[in-house]
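These notes are about the structure you will find just below.
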Amino acid sequence: MFITFEGVEGSGKSTQAKLLAEFISQLGHKVTLTREPGWGQLGELIRKVILDNRDLELDAFAELCLFCADRAQHVRDFIRPKLEAGEIVICDRYYDSTVVYQGHGRKLDKRLVNKIAQASTLDLLPDITFLLNLPVKTGLTRLQSREEITKMDEEPLEFHEMIRQGYMLLAKREPDRIKKINADRDILEIHSEIRSVVSELISSN
Ligand code: TYD
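Residue numbers (this note's numbering): 666 to 870.
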């Protein structure tokens with residue numbers, strides 16, 4: 666089973682992905698938690714170039730290609746082998762991030778972005794995606810107490826609003842796969858909602 670987490674900055678995805686991994690492991694299943702971008706040798710380089718290097722003003726199309734290159738390698742060398750070995754894989758961000766950040770945020774041609782993002786999955790689509798939904802301003806305020814601030818976090822408010830709208834559109838388009846979760850709540854309340862969805866999925870598999 667392949668589970669992904671999506672959401673605007675500061676939505677608490679990473680915390681929820683971690684809590685879910687712990688829960689699944691307590692149930693006795695093998696589970697792997699990973700994230701994008703940044704897996705492996707290529708991912709580390711790509712992450713540095715896209716998110717950390719403030720001397721380089723990256724072209725939007727180049728950025729799209731780099732996120733997708735990171736994903737293809739991640740799927741081929743890590744995610745797919747884990748799934749084939751029977752593990753449950755949880756990924757903090759996946760191709761929906763490309764669709765909304767590069768398509769809606771950077772305003773590249775949406776059809777082109779969708780195509781390239783889809784191709785970068787090497788046909789591996791998530792069984793379920795949790796979209797942690799909360800007002801952009803709430804998320805950005807939460808970020809202020811964080812140590813690692815990326816170039817993307819520093820984009821203007823309008824950029825982040827486009828991201829949220831993009832996600833809402835995706836959730837409308839694919840309601841069966843993308844579960845919208847109200848993230849403006851207590852951490853454990855959110856976790857409990859996610860947990861019950863996943864428990865049901867595991868028992869029906
Ligand atoms: P990261 O530091 O991993 O933070 P978080 O996932 O908690 O926001 O930052 C990853 C950034 O990269 C994030 O701002 C979203 C962006 N991103 C894209 O623009 N496109 C993509 O395809 C992916 C995977 C991420």
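Even glycine gets a Cβ: it sits at the ideal position worked out from N, Cα and C.
Could you give the DSSP three-state label for residue i: helix, strand or coil?
i, result
"LYS845", "strand"
"ILE852", "helix"
"ILE712", "For the record, residue 712 in the displayed sequence is Arg; it is not Ile. If DSSP states are grouped into helix, strand and coil, ARG712 belongs with the helices."
"THR815", "coil"
"GLY672", "strand"
"ASN798", "strand"
"THR786", "coil"
"ARG736", "helix"
"ASP742", "helix"
"ARG807", "helix"
"LEU773", "coil"
"ARG758", "coil"
"ARG700", "strand"
Between residue i and residue j, what straight-line distance do the alpha-carbon atoms span, to the nearest angstrom?
i, j, result
"THR697", "ILE668", "10 Å"
"GLU839", "ASP742", "27 Å"
"GLU709", "ARG829", "26 Å"
"GLY672", "ASP757", "9 Å"
"PHE751", "LYS695", "In the sequence under discussion, the amino acid at residue 751 is Gly, which differs from the Phe named in the question. Rounded to whole angstroms, GLY751 to LYS695 spans 8 Å at the Cα level."
"TYR766", "ASP774", "12 Å"
"ILE857", "GLU687", "According to the sequence as given, residue 857 is Ser; it is not Ile. One C-alpha to the other measures close to 13 Å."
"ILE867", "PHE670", "17 Å"
"GLY703", "HIS825", "21 Å"
"ASP841", "GLU854", "22 Å"
"ILE859", "MET817", "27 Å"
"ILE843", "THR803", "22 Å"
"ASN779", "SER785", "10 Å"
"LEU721", "CYS733", "19 Å"
"HIS739", "LEU822", "30 Å"
"SER864", "ALA737", "29 Å"
"LEU797", "GLU701", "16 Å"
"LYS845", "GLU728", "27 Å"
"PHE726", "LEU692", "42 Å"
"GLY831", "LEU684", "26 Å"
"ILE794", "ARG811", "Rather than Ile, the amino acid found at residue 794 in this sequence is Thr. Those two C-alpha atoms are separated by around 25 Å."
"ASP724", "LEU748", "34 Å"
"ASN870", "SER861", "14 Å"
"MET827", "PRO746", "34 Å"
"LEU799", "LYS837", "16 Å"
Hey, residue i and residue j are a contact pair by Cβ (cut 8 Å); roughly how many whole angstroms apart?
i, j, result
"ILE755", "ALA848", "Contact doesn't hold; Cβ gap of about 17 Å is too wide."
"ILE711", "LEU731", "5 Å"
"MET735", "LEU707", "Per the sequence shown, the amino acid found at residue 735 is Asp instead of Met. About 7 Å separates the two Cβ atoms, so the contact holds."
Go through its chain and collect everything with a Cβ distance to residue i's Cβ below 6 Å, but skip five positions before and after it.
i, result
"ALA782", "TYR760, THR763, VAL764"
"ASP792", "MET666, PHE667"
"ILE753", "MET666, ILE689, HIS694, VAL696"
"ARG771", "ALA725"
"VAL801", "VAL673, HIS825, GLU826, ARG829"
Leaving out the 5 sequence neighbours to the left and right, which residues in its chain are closer than 8 Å to residue i when beta-carbon positions are compared?
i, result
"THR680", "ILE852"
"THR806", "GLY675"
"ILE814", "LEU808"
"GLY705", "GLN738, HIS739, ASP742, PHE743"
Looking only at its own chain, which residues have a Cβ that is under 7 Å from the Cβ of residue i, when we skip the five neighbours before and after it?
i, result
"LEU790", "none"
"GLY787", "Before going further, note that residue 787 is Leu rather than Gly in the sequence given. Taken in chain order, the residues that qualify are ALA737, VAL740, ARG741."
"LYS713", "none"
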